[in-house]
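Mapped onto the numbering used here, the consecutive letters of the sequence shown carry residue numbers 371 to 685. The C-beta atom is built at its ideal place from N, Cα and C for all residues, glycine as well. Since the model is a prediction, treat every value here as computed from it, not as a measurement.
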Amino acid sequence: MSNWNIIKSEMEKYLERYGEIYIPDTIEKSVDDLIGLEKEKKFLDSFFMALKDYEKNKDQNLFPINVKLSALLIGPPGTGKTTLTLALAKKYQIPVLVVFSNTLIASLLGESLNRIRNLIRQSEKYSKEQGVMILFFDEIDAISSERASQHEVGEIKRTVVSFLQELDFLLEKKLPIGIIGATNHPEQLDRAVWRRFTYKLEFSMPDTQLKLEILRYFINKIKKSKNFSINFEPESVIELTEGCTGADIERAFEIALLYSYRNQKGSSKNQITVDIFTESISLVKGENFNYYQSSKNKNTNKKNDDYSYLDNFSL
Ligand SMILES: Nc1ncnc2c1ncn2[C@@H]1O[C@H](COP(=O)(O)OP(=O)(O)OP(=O)(O)O)[C@@H](O)[C@H]1O
Ligand SMILES: [Mg+2]
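Right, here's the structure in full:
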């Protein structure tokens, strides 16, 4: 077992359900598995390169001022923020400690503070021993957002202030740790937290061109597969993907694969048709659900427990 694997098992005991460590070689997706995102790839790639440079020169005091490597990734769910970070970590062979900020903060606030502090102290210890690493705060707005407002105001303030102190502590240490935060709600982020991140990178909803490319990528993957075939081109389903992210398109293909597998067992290849994809994307978008219908059309006659659409679409 490599050092990082030993640390992973040690750290994970300690992290409980508040985070996860990704060792580069076990990260599944590569940069090329993310379609488009050229600007985002270029930017984050240079962040990772800077981290590597920093590590190489850390004992030589190369930089006359302390360079703090922190980046905030902003964008809607499913636009590739986590996946791109992990894919680059794989490319540059840097382990990533992902902190689930929402789970961390969900329990008693006072306790969360200790957890954040411990997490940061442990990261400091491990990066001193092992070298470069990324500390990734997923849903960082959970630590300092309006969502915490059910708690007493003073307590929220204390959590944010303490979190900032811990971040500063780490950033001042001249350690090869890159701090990345990801958020879907930049407007809810405390200004002081926002300011701690040197770089800000926005991930957008995919435009039509990018969605066509993402569709083509998955269609080609299926075409090349042994057990499945597909009989349509991206253009014939593009309209169905209105409002969808890359993650939605990927999930629709996952459902379509399961569905065609279940329903065409026995045939030499399981075929994914436009109809199957249509149903799949509709499920992903939640269009069959009553609450979706009723929010679109208040006069809907559907009952709340009407799941009849599942009769002709069961997995
Ligand atoms: N441009 C893309 N090309 C291919 N796959 C994509 C693309 N964008 C997203 N995906 C896929 O969607 C899935 C979800 O992406 P990811 O979890 O990275 O999104 P996220 O921005 O971190 O979302 P969240 O804000 O909910 O955490 C991943 O499996 C990813 O590979
Ligand atoms: Mg994510």
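Per DSSP, what kind of secondary structure is residue i in: helix, strand or coil?
| i | result |
| --- | --- |
| residue 504 | strand |
| residue 574 | coil |
| residue 517 | Note that residue 517 scores a pLDDT of 44, beneath 50, so its modelled location is shaky; the value from the coordinates is reported in the next line. Residue 517: helix per DSSP, three-state reduction. |
| residue 597 | coil |
| residue 424 | helix |
| residue 375 | helix |
| residue 641 | strand |
| residue 646 | helix |
| residue 651 | helix |
| residue 604 | helix |
| residue 547 | strand |
| residue 661 | Residue placement at residue 661 is poorly supported in this model, since its pLDDT is 47, which falls under 50; the coordinates are not used for a value here. |
| residue 473 | helix |
| residue 400 | coil |
| residue 405 | coil |
| residue 616 | helix |
| residue 535 | helix |
| residue 559 | coil |
| residue 542 | coil |
Roughly how far, in whole angstroms, is the beta-carbon of residue i from the beta-carbon of residue j, given that I think they are within contact range, below 8 Å?
| i | j | result |
| --- | --- | --- |
| residue 489 | residue 469 | 6 Å |
| residue 630 | residue 619 | So it is not a contact: roughly 17 Å between Cβ atoms. |
| residue 394 | residue 460 | 5 Å |
| residue 474 | residue 388 | 5 Å |
| residue 486 | residue 536 | 6 Å |
| residue 406 | residue 604 | Not quite, the Cβ-Cβ distance comes to about 13 Å (not below 8 Å), so this is no contact. |
| residue 454 | residue 404 | 6 Å |
| residue 615 | residue 446 | 6 Å |
Is it true that the CB of residue j sits closer than 8 Å to the CB of residue i?
| i | j | result |
| --- | --- | --- |
| residue 458 | residue 505 | no |
| residue 602 | residue 410 | no |
| residue 464 | residue 502 | yes |
| residue 439 | residue 424 | yes |
| residue 466 | residue 510 | no |
| residue 686 | residue 617 | Missing from the structure shown is residue 686; the chain here goes from 371 to 685 and no further. |
| residue 640 | residue 597 | yes |
| residue 382 | residue 376 | no |
| residue 584 | residue 642 | no |
| residue 551 | residue 385 | no |
| residue 611 | residue 581 | yes |
| residue 554 | residue 512 | no |
| residue 534 | residue 561 | no |
| residue 607 | residue 644 | yes |
| residue 494 | residue 540 | yes |
| residue 548 | residue 417 | yes |
| residue 508 | residue 452 | yes |
Closer than 8 Å, CB to CB, is residue i near chain B or not?
| i | result |
| --- | --- |
| residue 411 | Of the protein chains in this structure there is only one, and it is not chain B. |
Could you name the residues that DSSP lists as bridge partners for residue i?
| i | result |
| --- | --- |
| residue 390 | 468 |
| residue 553 | 444 |
| residue 569 | 441 |
Please find out if some non-hydrogen atom of ligand 3 comes closer than 7 Å to the beta-carbon of residue i.
| i | result |
| --- | --- |
| residue 396 | In terms of ligand content, the structure shown lacks ligand 3 and carries ligand 1 and ligand 2 instead. |
message = Quick check on the contact list: which residues have their beta carbon closer than 6 Å to a heavy atom of ligand 2?
response = This selection yields 451, 452, 508 and 552.
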